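Note that the UniProt record's numbering gives residue 312 to position 312 of the sequence shown, counting from 1, and the numbers run on in steps of one.
Note that the Cβ used here is the ideal one computed from N, Cα and C, for glycine as well.
The structure displayed is predicted, hence computed values, not measured ones.
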Amino acid sequence: MQNSSSTNVPSDPGKLPTCVQYRIASSGELADVEKVVEVKGPSDSPIGASTGRDKNDKHDPIIDVQGEALSTNKFLVWTYRLERLLGFETRGIHRVKSRDQTDKTTLSFLQIVMMWFSINTAAQNVTLGSLGQSVFELGFVDATVCSVLGGLVGTIPVAYTAGWGPWSGNRTMICARFSMGWWPVKLCVLLNLVILIGYAMIDAVVAGQILSAVSSNGSVSVEVGIVITAVLTFIVTTFGIRFFHHYERYAWIPSIIIFFILLGTTARNYDTQTPSIATGRTLMGNRLSFFSVCLSAAITYSPGAADFLVYCNPQRASRLKVALATMIGLGLSFTLCFIIGCGLSATSRFAEEAGSGALLVAGFSSLDKFGSFCSVLTALGLIANMVPPVYSSGIDFQILGRYTAIVPRFLWNTVAVIIFMVCALAGKNSLSEIFTNFLALMGYWVVLWIAITLEEEFIFRPIPALSEDGRFNWIDWNVQERLPIGLAALTAFLLGWVGAILCMAQVYYIGPIAKEVGDFGADMGNYVGFALAAVIYAPLRWLEIRKFGR
Numbered sequence: 001m002q003n004s005s006s007t008n009v010p011s012d013p014g015k016l017p018t019c020v021q022y023r024i025a026s027s028g029e030l031a032d033v034e035k036v037v038e039v040k041g042p043s044d045s046p047i048g049a050s051t052g053r054d055k056n057d058k059h060d061p062i063i064d065v066q067g068e069a070l071s072t073n074k075f076l077v078w079t080y081r082l083e084r085l086l087g088f089e090t091r092g093i094h095r096v097k098s099r100d101q102t103d104k105t106t107l108s109f110l111q112i113v114m115m116w117f118s119i120n121t122a123a124q125n126v127t128l129g130s131l132g133q134s135v136f137e138l139g140f141v142d143a144t145v146c147s148v149l150g151g152l153v154g155t156i157p158v159a160y161t162a163g164w165g166p167w168s169g170n171r172t173m174i175c176a177r178f179s180m181g182w183w184p185v186k187l188c189v190l191l192n193l194v195i196l197i198g199y200a201m202i203d204a205v206v207a208g209q210i211l212s213a214v215s216s217n218g219s220v221s222v223e224v225g226i227v228i229t230a231v232l233t234f235i236v237t238t239f240g241i242r243f244f245h246h247y248e249r250y251a252w253i254p255s256i257i258i259f260f261i262l263l264g265t266t267a268r269n270y271d272t273q274t275p276s277i278a279t280g281r282t283l284m285g286n287r288l289s290f291f292s293v294c295l296s297a298a299i300t301y302s303p304g305a306a307d308f309l310v311y312c313n314p315q316r317a318s319r320l321k322v323a324l325a326t327m328i329g330l331g332l333s334f335t336l337c338f339i340i341g342c343g344l345s346a347t348s349r350f351a352e353e354a355g356s357g358a359l360l361v362a363g364f365s366s367l368d369k370f371g372s373f374c375s376v377l378t379a380l381g382l383i384a385n386m387v388p389p390v391y392s393s394g395i396d397f398q399i400l401g402r403y404t405a406i407v408p409r410f411l412w413n414t415v416a417v418i419i420f421m422v423c424a425l426a427g428k429n430s431l432s433e434i435f436t437n438f439l440a441l442m443g444y445w446v447v448l449w450i451a452i453t454l455e456e457e458f459i460f461r462p463i464p465a466l467s468e469d470g471r472f473n474w475i476d477w478n479v480q481e482r483l484p485i486g487l488a489a490l491t492a493f494l495l496g497w498v499g500a501i502l503c504m505a506q507v508y509y510i511g512p513i514a515k516e517v518g519d520f521g522a523d524m525g526n527y528v529g530f531a532l533a534a535v536i537y538a539p540l541r542w543l544e545i546r547k548f549g550r
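Take a look at the structure:
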């Protein structure tokens, strides 16, 4: 194949060859960066075989948009020119090859820890911790133990998927193609978009409530606070991963200072003696349900965890180092936020604000004007938690189809910002209900996908007929013929959902099995769904390989 550097680029974008995709250089001229390689037949090597990190880079396919879809569309030509002019990140779902990954120490172990700590040290996790008392009627000790353990367990799958970034150079939902298959993964992408936009919506509502509560006589409405945070999030995500990492590198500093100030002013009032209200099986059910909500809050980072680390060099940021850094960053931040939330809600003078963004304002109330300043910084600190889901949503939109793939990432980010802002404005008065219902429900599909992916890698990929040394052939990320059919994964995924529904306990529905535990049920959907998907997938995947060879 001819090297792109030697390609003669026509001056008229309307006459570009259909086999080549072009990007717009900042100078206004067209520059060929990659050629479309459409691989029709199966690979000569076994399905999934690893032939070296970038040994076959020249066969690494990118999205085939038939060339003309980009070159003859004036709007797309203009957007690509705008990307290069303003320095936006132009890469969307395309794989980051090893030569494009960085050796800089700023993306080493410590920065990954700080990135996750910065992302997750946010007010919405304090609000989530407060639900132990306000919704599940747990005492301080019960609420703290359940929330912290739930968060720590939930970081394990996130650590697992985060390691894919440097290892594969692919975004998380692209990696999911290697377990779910070409078509079933689109269902996961749609569900992940709900998670990403939903989390940004929750953050926006919390920020709006804080800004409104701290303003004099409510002069700043919740709606205005939502719009302010949405606009700031849009600015950060539009510029892409470089700006993202620079922002997250320092965003944790004011947040940690503010939270320690909050601890110092409120910890002496924490009611650590009053026990949980319920007893017996009802208490067990409430504990398990709150544990599940906090686990879901952590585990839902998994479908986007690798998106932020694809530019890390795997020689410097190995899979194990990335996993440990992710667990440390998330674990520390969850522990801090959950303890503060549980303590505030267990304090009688703050209890009536539990489950809302005004809870933190109440905690700072003894500091007068300085407390108001701290509250504003806390609200703005939520932007660090809103940036990752909005950034990932721009990538996930591109995975939905060939035509969505050619729309630039920053435009999809804009769409995501508009959607979560509108939803936040509509749901601003129902935050605690959104928390308890949305988080637990979204956690179900993630655990099903994790169960399938774990078995695909550790049971089937080490088989010589499928892969070499248990490694995925990441260069096949966009070759449908070299990916699993996905029938086994889809069947296990759907039947796993059945198990989750039978064992879920939400305000709007309690499954028949969940009803057997206490007065309010116990949310066991995550655990039953995971087990059921794992049991079903293994034999079906074996049959799928026997039948189709991939």
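{"Item": "Cα-Cα separation, Met504 to Val293", "Value": "11 Å"}
{"Item": "Gly154 versus Leu283: straight-line alpha-carbon distance, rounded", "Value": "22 Å"}
{"Item": "Cutoff 6 Å; reference Pro539; Cβ partners in own chain excluding five residues on either side", "Value": "none"}
{"Item": "Three-state secondary structure (DSSP) of Ile510", "Value": "strand"}
{"Item": "Classification of Ser43 by the beta-carbon crowding that lies within 10 angstroms, buried from 16 upward", "Value": "With a pLDDT of only 38 at Ser43, under 50, the local geometry of the prediction cannot be trusted, and the value read off the model is given with reservation. The residue in question, Ser43, is buried, as its Cβ has 16 or more Cβ neighbours within 10 Å."}
{"Item": "Helix, strand or coil at Thr347 [DSSP, three-state]", "Value": "coil"}
{"Item": "Touching by the beta-carbon criterion (3+ pairs, under 8 Å), the stretch 320-334 and the stretch 185-200", "Value": "no"}
{"Item": "Proximity to Ile174 [Cα-Cα], best of Ala207, Asp100 and Ile93", "Value": "Ile93"}
{"Item": "Cβ-based burial, residue 586 [other Cβ within 10 Å; buried from 16]", "Value": "Here the chain has residues from 1 to 550 only, and residue 586 is not among them."}
{"Item": "Nearest residue (CA-CA) to Leu303, options Pro389, Ser333 and Phe75", "Value": "For clarity, residue 303 is Pro in the given sequence; the question names Leu instead. Selected option, being the one with the closest Cα: Pro389."}
{"Item": "6 Å CB neighbourhood of Leu377 in its chain, flanking five on each side removed", "Value": "Pro254 and Ile258"}
{"Item": "Assigned secondary structure, Thr404 (DSSP; H/G/I helix, E/B strand, else coil)", "Value": "helix"}
{"Item": "Touching by the beta-carbon criterion (3+ pairs, under 8 Å), the stretch 228-237 and the stretch 384-398", "Value": "yes"}
{"Item": "Candidates Arg177, Ser108, Thr79 and Leu110, of which the one nearest Glu481 by Cα", "Value": "Arg177"}
{"Item": "Ala426 classed as buried or exposed, judged by whether at least 16 other C-beta atoms fall within 10 angstroms", "Value": "exposed"}
{"Item": "CB-CB length for Thr484 against Arg550, believed under 8 Å", "Value": "Rather than Thr, the amino acid found at residue 484 in this sequence is Pro. Indeed they touch by this definition, with Cβ atoms about 6 Å apart."}
{"Item": "DSSP-derived helix/strand/coil call for Thr279", "Value": "coil"}
{"Item": "Cutoff 7 Å; reference Leu382; Cβ partners in own chain excluding five residues on either side", "Value": "Ala122, Ala123, Gln124, Asp203, Val206, Ala207 and Thr229"}
{"Item": "Pair within 8 Å by beta-carbon distance, Gly363 and Thr265", "Value": "yes"}
{"Item": "Minimum C-alpha distance to Leu487 - residue among Glu433, Tyr508 and Trp542", "Value": "Trp542"}
{"Item": "Limits of the alpha helix (DSSP H) - the one that Ile261 falls within", "Value": "Ile241 to Thr266"}
{"Item": "Under the three-state DSSP convention, the category Glu68 falls into", "Value": "For Glu68, the predicted model reports a pLDDT of 49, less than 50, meaning its position is unreliable; a value from the coordinates is still stated below. DSSP places Glu68 in helix when its eight states are reduced to three."}
{"Item": "Beta-bridge pairing of Ala500 - partner residues as DSSP gives them", "Value": "Paired residues: none, contrary to the question."}
{"Item": "Cα-Cα separation, Val446 to Thr300", "Value": "7 Å"}
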